[in-house]
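Residue numbers (our numbering), protein chains in the order written: chain A, 899 to 1014; chain B, 202 to 317. First up is the structure itself, then whatever we jot down about it.
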């Protein structure tokens, strides 16, 4: 069964450094998402992406964050200058259609980001 | 106000028993979708089941069923004949409104432990 793939599974970075989290969505999916989950807390929406542009973003997704689809398969989340509070599990998700509201978002296994 | 409320932070259930995980939601939209995801201790997020606001029948998917009570705004997940592998965090999530709304809104989760 096709799946969303995220790399790396765990990233440890010094505060202030840039980090890029990578995702390969399911190949025929058109809508892509990033969520984060701080340890012990709720999953929080960051951003959605369709047709090479951001469709929706949350208040968390400030100027330090950016997303890109550099080629036909990868979808990346960049954090420019990491802060301690960016430590979390970051999930990439993709979905096939949006117009059919019952299309689930399929999630990758996540990247655990630890900021030191 | 919380959009998704999961009132059970944790549950212990005997193996082979059925279990009901509660979820209530708050929305003024007529069109919305409700999703349940499972998060094992390994961290990945696994889609389980979906219920649309216009669906007349309760959703079922194998051992999972959704007890959808629209007037009460509840969408409880029922797991029949629980197994040890069902031990995990379970999240209820909602997507509101029409096609322009992309994000999933999440509950705090219920930690389910199945006892042998």
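Beta carbons are placed, not taken as given, at the ideal position from N, Cα and C, and that holds for glycine.
- Runs of alpha helix (DSSP H) with 4 or more residues, each lying fully within the region 900-955 of chain A, are absent.
- Within the region 202-289 of chain B, the complete beta strand (DSSP E) segments at least 3 residues long are 211-215, 220-222, 233-240, 247-253, 265-270 and 275-280, listed from N- to C-terminus.
- Of the residues B:257, B:244 and B:215, the one whose Cα lies closest to the Cα of residue 282 (chain B) is B:215.
- For residue 305 (chain B), the residues of chain A that pass the 7 angstroms Cβ criterion are 943 and 1003, in the order they occur in the chain.
- Here residue 1011 (chain A) carries a strand assignment [DSSP, helix/strand/coil].
- Note that the region 202-214 of chain B does not touch the region 242-258 of chain B; fewer than 3 beta-carbon pairs, one per stretch, sit closer than 8 angstroms.
- A check of alpha carbon separations from residue 229 (chain B) across B:285, B:271 and B:308 identifies B:271 as the nearest.
- Cα atoms of residue 994 (chain A) and residue 291 (chain B): separation of roughly 23 angstroms, rounded to the nearest angstrom.
- Interface with chain B (8 angstroms Cβ-Cβ cutoff): residue 1007 (chain A) is included.
- Chain-ordered, the chain A residues with CB closer than 8 angstroms to the CB of residue 245 (chain B) read 1005, 1006, 1007 and 1008.
- Annotation: residue 272 (chain B) has no Cβ neighbours in chain A at a cutoff of 9 angstroms; minimum Cβ distance is about 20 angstroms.
- Remark: C-beta atoms of residue 933 (chain A) and residue 943 (chain A) approach each other more closely than 8 angstroms.
- A buried status is given to residue 992 (chain A), since no fewer than 16 other beta-carbon atoms sit within 10 Å of its beta-carbon.
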